[in-house]
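Residue numbers (the numbering used here), protein chains in the order written: chain A, 8 to 356; chain B, 8 to 356; chain C, 8 to 356.
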């Protein structure tokens, strides 16, 4: 498992910045192996998260059907720093639940989002529009009258935010905020129409918002080539293949990364695990990324397609520097944090 | 050609269940090599079909512009058991040809299909909606009034069934039948709009029919990843990459299988040849599948991504057990059938 | 870099026919390495173009925001023959700029195109409809009345040709001309909606024009498999993966060619560089093509999937013979041109 050579060695040591993940469940599991229960959830989390070798985590806190670790506890388990990503649909739905009037919705949503992102540690916002409406949307900013009419309907009907006008409004509110915007794209669960989650459907909107906020296309699979095209033609577009890595597994991580990197500029690819609920996914995502990228880069050094210094630079960029620059994270986090000193040695569970 | 190692050896010996194929032409060919004519069509069929090493064949009997072997004769040539798949469009078109009235079409079609699937050996139905309308369909069951109006138009116009309402009606009739439904998806001939044959367009319909019948996505190429997504998120969805295998050839079978298997659960992938007309395709499909899957699994054993027992289990599932379970075929067919005893030794033509 | 074996050796020596490229800038660059300036643009062009080892170039002359070499000078630098490809949108826009009346537009455009293709050395026409409207077009030939109405609007509004009716008219005018038609498909710049440049959207139009002109799908990435499907089902459809090669680079050229060649008939794949502006792209495209195809074919000889003579034949077809046959180029061009004798030895810059 894994390979040999200086790129593999460098990637084994490089602390990662996981720019998109979630918390892990806070209770012992009742259906999992005895050893897991014996160790206890805190120790299991600690082992897997340390094994992932992450220096920083950007945690989506907006989807908690079961209790999940808050960012601070995840950070402690990982020996890393944690940052928060605010899920915009969750904010919109709590505004709706608060009993707002339709004509006050737009302002109330904006105020609630601005308040949410002022919390310490918030570095980005996220939308799951891919699940709710898909990206087959009119790219223009909706008028106030249209937003009010749509809010009236939604507030009357209840349920999750899945109105097309309100989703457009949510995305444009994100543009006004100025923070990086993460977008779930591609593969997800059965609520998704996969072809409507192809990020290329966002082309016209991405063209309209040029020069404003960075947009992070999460996961992308199986549309990693379409996403790469967007990252080439738009300065403000970035991507990862996070969720795909622990689904396709270490054996195919390289193949998916190869496709994603065919044309993506090396400063535009980020690492994420999209780990959710189980600490195992944090470790698995990191393992797949290190091995897949290591194989890819090491082989290109071997065939003289890349120099070793360039390969090491690309490894450092994608493992963390691209995310640090984009989200404004401190470059010295890992080494100044004493809790992480044992990390390189504790990467085996 | 082919590889070495225990997985390759296991796959060489495993009898296959070809869950989707057609008959072969019943006459000597007048343009083919002299040796073929010298051997005669029966002997050629026997050699190629034995070479394929199939234990069971599910034969689509609904497309015979030239005379093709019926399942029983194909079974005899192959030393295998044969089962029948009823093509629903063929049934609908024979109902139309019988002179039915528009308002009796729905009932007449249902009765004809029920009769067709009561024939001994029928294990599934199939639709070629991908060729006729594409999958860009309203997923809802059409009303009786709509079916009657559409039938009136079709019966007046004549021709093949390519009406969108009647195609929806045909698919919903299949749901009522309760048998597994095979759907041609992806690559086909020039009648097809490839992007309309992307199975992901069926997402809403597949969501509506959850908990009813198994749906088998045939071929899928180049949409094997989209098909895999459907197999992950819907319990009742299965897939093969049959037709693709003899088109891309043994040299690329592995690559296509790798993509199909990135996320497809191992109990959800089936083998098929989609062989049509020429017995060579039966042999070529089997060769490509055995070699491609063998290389893929053997390499994963080599890199410790799979244990050998798991690799052998996956080989047995995809080669036949998944199909046996799904179509209710007997697990002991090959060994109890004396005509197959020479099969493993006759696999070279 | 590159491989060994007879296929690699053959491909290193084979003169290429680059069936789709552009000129290079005519001035020294002011931001490029000192050595380039020291050598001077003519010597740099000469070295890179000789290194590409091309025997013939088909040059798109219709996009010159900066001065580019005309075909004759490109030919001289390359030691090759050059042919011209007329960009239809450029002709239409110069007709519009000439002050034509709306009801005379159709006839004026036809006359201008016929005149343009009568120039010596013109072998094909090209459309960039992918950039302007995408391929999501009504496939039918538009009526005269519709063309006049659309021309009236366009002539009043000015700007580039991006009207859907006039684009259909342009494509049908190409059919009437009888020359091969090149179509940009797939990956391009930020003006493009990538999913609208998927060549499979042209299916209905390609079916309508069966038996008329050859259609060359340029680049195709990431839709090389969809393009391959069209090349299989339509006799008159051909493809290359030109632009993709210098974007994905030599390290991934093989992977893209593998996908393109999964089902594309070997007489249907052409070489192009889509080099634009910099002579480096001519050399890089050729390098990526020779190495990628060489690896692919050599490995298939090694696994006995291809005989060596077949592999060499496929190399010669795709490197140039397919393009020579299609565009009616002379088969003996390279060897009768004394300026090319040093080519095989000057392939390193």
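C-beta atoms are modelled at their ideal positions from N, C-alpha and C, and glycine is treated no differently.
This structure is a prediction, so every number in the text was calculated from the model and none was measured.
- Within the DSSP bridge table, the entry for residue 191(B) names 225(B) as partners.
- Between the alpha carbons of residue 248(A) and residue 200(C) lies a distance of about 22 Å.
- For residue 112(A), the enclosing alpha helix (DSSP H) covers residues 112-124.
- Look at residue 15(C): its C-beta is not under 9 Å from any C-beta on chain A.
- Contact fails between the stretch 65-72 of chain B and the stretch 13-22 of chain B, because fewer than three Cβ pairs, one in each stretch, are under 8 Å apart.
- Taking C-alpha positions only, residue 253(C) is separated from residue 288(C) by approximately 7 Å.
- The beta carbon of residue 241(A) falls within 9 Å of a beta carbon belonging to chain C, placing the residue at that interface.
- Separation of residue 52(B) and residue 54(C) (C-alpha to C-alpha, rounded to the nearest whole angstrom) is 58 Å.
- Under DSSP, residue 94(B) shares a beta bridge with 133(B).
- For the C-beta of residue 196(B), the chain C residues within less than 9 Å are, from N- to C-terminus, 239, 240.
- Nearest Cα to residue 33(B) within the set 75(B), 337(B), 306(B), 12(B): 75(B).
- In the DSSP annotation of this structure, the continuous segment of the beta strand (DSSP E) that includes residue 67(B) starts and ends at 61-67.
- Ranked by Cα distance from residue 220(A), the first of 279(A), 328(A), 190(A), 138(A) is 190(A).
- Listed as beta-bridge partners of residue 89(A) by DSSP are 64(A).
- Contact of residue 200(B) with chain C is assigned, a C-beta pair being separated by under 9 Å.
- Interface annotation, residue 234(A): not in contact with chain B, CB-CB separation never under 9 Å.
- Rounded to whole angstroms, the separation of the alpha carbons of residue 82(B) and residue 61(B) is 9 Å.
- With the criterion set as a beta carbon lying under 9 Å from some beta carbon of chain C, the members of the stretch 242-276 of chain B are 251, 254, 255, 256, 257, 258, 259, 262, 263, in sequence order.
- In the DSSP assignment, residue 263(A) falls within the unbroken alpha helix (DSSP H) covering 257-268.
- A straight-line Cα-Cα distance of about 9 Å links residue 279(B) and residue 64(B).
- Across the stretch 204-222 of chain B, CB contacts with chain A closer than 8 Å involve 205, 207, 208, 210, 211, 214, in sequence order along the chain.
- A Cβ of chain B is located within less than 9 Å of the beta carbon of residue 307(C).
- Proximity of residue 317(C) to chain B, defined by a Cβ-Cβ separation below 9 Å, is not satisfied.
- The beta carbon of residue 179(B) sits closer than 8 Å to those of 148, 149, all from its chain and outside the five residues before and after it, given in chain order.
- Here residue 97(B) is buried. Its C-beta has 16 or more other C-beta atoms within 10 Å.
- Beta-carbon to beta-carbon, residue 298(C) and residue 257(C) are separated by about 5 Å, close enough to satisfy the 8 Å threshold.
- If only uninterrupted beta strand (DSSP E) runs of at least 3 residues are considered, those enclosed by the stretch 145-200 of chain C are 188-192.
- For residue 141(B), the closest C-alpha among the options 204(B), 186(B), 89(B), 84(B) is that of 204(B).
- Membership of residue 245(C) in any alpha helix (DSSP H) is not indicated; the residue belongs instead to the beta strand (DSSP E) covering 244-246.
- DSSP places residue 315(A) in the uninterrupted alpha helix (DSSP H) bounded by 315-323.
- One finds 232, 233 in chain C with Cβ atoms closer than 7 Å to the Cβ of residue 229(B), taken in chain order.
- Inter-residue distance for residue 138(A) and residue 192(C) is about 29 Å (C-alpha atoms, whole angstroms).
- In this structure, 276(B) is the residue among 276(B), 285(B), 338(B) with its C-alpha nearest to the C-alpha of residue 322(B).
- Within the stretch 68-80 of chain A, not one residue has a Cβ closer than 7 Å to any Cβ of chain C.
- Here the C-alpha atom of residue 172(B) lies approximately 7 Å from the C-alpha atom of residue 157(B).
- Here the alpha carbon of residue 281(C) sits roughly 59 Å from the alpha carbon of residue 122(B).
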